[in-house]
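With numbering that gives the first Met the number 0 applied, the sequence shown has no gaps in its numbers, which climb one by one up to 105 at the end.
Step one of this worksheet: look at the structure below.
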Amino acid sequence: MTDTTHAIRIMRSEGRIPVQATEASPGLYVYKLPDTVNPGDLYRWRIGHHTGLAVAVAMSEENALAGASAVANLTDWTQAADASASTAGAELAKRLRRNGCYRAGY
């Protein structure tokens, strides 16, 4: 795992926000939302796609890292976001839930 700066998108139509992230596997990053973004959200940790979109949400860094590890081999996360998520399908949600993570709604 490598620490790096990752540019995230909160919604597909919005610009990118730089955050410190851990590259959990090629194409997947784990990061905490900045304090200024959705401050009431209890799920502050994200598993993010290299395009900046969130794949999953978690309440802790440990859950996010475990979830990223659990889904790393489901698909080629270095591909386009729509292709990556659709290839992973229902198995993605199941592996995320087992690790205290949930699919992101965006």
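Ideal placement from N, C-alpha and C gives every residue a C-beta, glycine not left out.
All figures in this text were calculated on a predicted structure; none of them were measured in a lab.
A direct Cα-to-Cα measurement between residue 42 and residue 75 gives close to 25 Å.
Between residue 94 and residue 69 the beta-carbon gap is near 4 Å, inside 8 Å, which marks them as a contact.
For the pair residue 3 and residue 92, the Cα-to-Cα distance works out to about 26 Å. Distance check between residue 96 and each of 62, 81, 73 places 62 closest, using alpha-carbon atoms only. Membership of residue 14 in any beta strand (DSSP E) is not indicated, and neither H nor E is assigned to it by DSSP. In the displayed model, residue 70 falls within a helix according to three-state DSSP.
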